[in-house]
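J.:
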Amino acid sequence: MKSKINQEISVVSFYNARKQRAQPYAISWQNKDYTVGEIGYHHKVYDGKICHHIFELVDSEQSLWFRLNFNTDNLHWTLEEVSDGNAD
0 MKSKINQEIS VVSFYNARKQ RAQPYAISWQ NKDYTVGEIG YHHKVYDGKI CHHIFELVDS
60 EQSLWFRLNF NTDNLHWTLE EVSDGNAD
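Each residue of the sequence shown is one higher than the one before, counting from 0 in numbering that gives the first Met the number 0.
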């Protein structure tokens with residue numbers, strides 16, 4: 000089931016100079032840590048002059064899907080949505 004969350008979360012991210020790409024590596028949400036598996040989609044959205052990087056990804060166990068928002072103005076991460084893959 001897909002659920003809207005909209006909570007700030009802790010994220011460990013890294014920058015790959017060879018690929019010139021920054022991406023999340025691990026997520027901490029509800030006192031549980033998740034290692035990022037495959038990143039399925041990344042795009043940018045602008046809210047005025049503020050750029051938001053949107054990442055859609057699964058955890059390394061492929062049990063949960065996450066939609067993350069990285070706000071480049073305040074450098075905060077927000078978990079927008081999560082899904083366990085089951086129908087509503």
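Even for Gly, the Cβ is constructed at its ideal location relative to N, Cα and C. These numbers come from a predicted model, not from an experiment.
(1) Could you give the C-beta distance for ALA25 and TYR14, rounded to a whole number, given that I count them as a contact under 8 Å?
(2) With DSSP as the reference, label GLU60 as helix, strand or coil.
(3) I'd like to check one pair, GLY39 with GLU55: are the Cβ atoms closer than 7 Å?
(4) Out of ASN68, SER59, ILE4, which has the shortest C-alpha to C-alpha gap to LYS49?
(5) Could you give the residue range of the beta strand (DSSP E) that holds ARG20?
T.: On the basis of the coordinates in this document:
(1) To locate residue 25, count along the sequence shown from 1; it is residue 26. To locate residue 14, count along the sequence shown from 1; it is residue 15. At roughly 15 Å, the Cβ-Cβ gap does not stay under 8 Å, so ALA25 and TYR14 are not in contact.
(2) Along the sequence shown, read from residue 1 onward, the residue named residue 60 stands at position 61. Three-state result, GLU60: coil.
(3) Here residue 55 is taken as the residue at index 56 of the sequence shown, counted from 1. Here residue 39 is taken as the residue at index 40 of the sequence shown, counted from 1. A contact, by the Cβ cut-off of 7 Å.
(4) Taking the sequence shown and counting its residues from 1, one reaches residue 49 at position 50. Checking the displayed sequence, the identity of residue 49 turns out to be Ile instead of Lys. The residue from ASN68, SER59, ILE4 with its alpha-carbon nearest to that of ILE49 is ASN68.
(5) Position 21 of the sequence shown holds residue 20. It spans 20-28 - the beta strand (DSSP E) in which ARG20 sits, taken as one unbroken run.
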